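Beneath this line is the structure, given in structure tokens, with notes to follow.
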Amino acid sequence: GKQVRSLSLSAEGSYLLSNAMDNAVRIWDVRPFAPKERCVKILQGNVHNFEKNLLRCSWSPDGSKIAAGSADRFVYVWDTTSRRILYKLPGHAGSINEVAFHPEEPIVLSASSDKRLYMGEIQ
104 GKQVRSLSLS
114 AEGSYLLSNA
124 MDNAVRIWDV
134 RPFAPKERCV
144 KILQGNVHNF
154 EKNLLRCSWS
164 PDGSKIAAGS
174 ADRFVYVWDT
184 TSRRILYKLP
194 GHAGSINEVA
204 FHPEEPIVLS
214 ASSDKRLYMG
224 EIQ
């Protein structure tokens, strides 16, 4: 396997996000007595880019979306049900090392090695 880059526990504590240097975010069922196969979903990042490592992942407050910052300078936002990329947010000039959802507003915050913070509005 690849080196795990980040972990994020869902708000209710039942699911864990992980991402490694393989351009994917995995959702794990961490409830007691969960099925043996605890990896319940895999969300793929940008498959057409050379620098495609996802560096940091985060849940939206309601658990309906996941965001991940990438070495390709984009923030990716997925729908957790469909596993589809909803947004690919540009702007940074360096690797995105941290992402977070605003607790109440439809905003994703990102921090990059370019020493900038950005707020991206989503629906």
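The numbering used here applies: residue 104 is where the sequence shown begins, and numbers increase by one.
Where a beta carbon is used, it is the ideal one built from N, C-alpha and C, also for glycine.
None of these values were measured; they are calculated from a predicted model.
Same chain only: Cβ atoms within 8 Å of residue i, ignoring 5 sequence neighbours per side
i    : result
S113 : L119, L120, W162 and G166
L158 : R108, S109, N122, A171, G172, S173, A174, S198, I199 and N200
S215 : G172, R176, H195, A196, G197, S198, I199, N200 and Y221
Residue closest to residue i, alpha-carbon to alpha-carbon, out of the options
i    : options                   : result
E207 : R108, C160, P164 and W131 : P164
D125 : D132, E140, A171 and I210 : A171
R176 : D132, E115, N156 and H205 : N156
Span separating the alpha-carbon of residue i from that of residue j
i    : j    : result
P138 : S117 : 13 Å
S198 : P135 : 36 Å
Y221 : G194 : 8 Å
K218 : Q147 : 27 Å
Q226 : S173 : 21 Å
V202 : D182 : 16 Å
D132 : K191 : 26 Å
R141 : R187 : 21 Å
Q106 : R129 : 13 Å
Environment of residue i [buried if 16+ CB atoms lie within 10 Å]
i    : result
T184 : exposed
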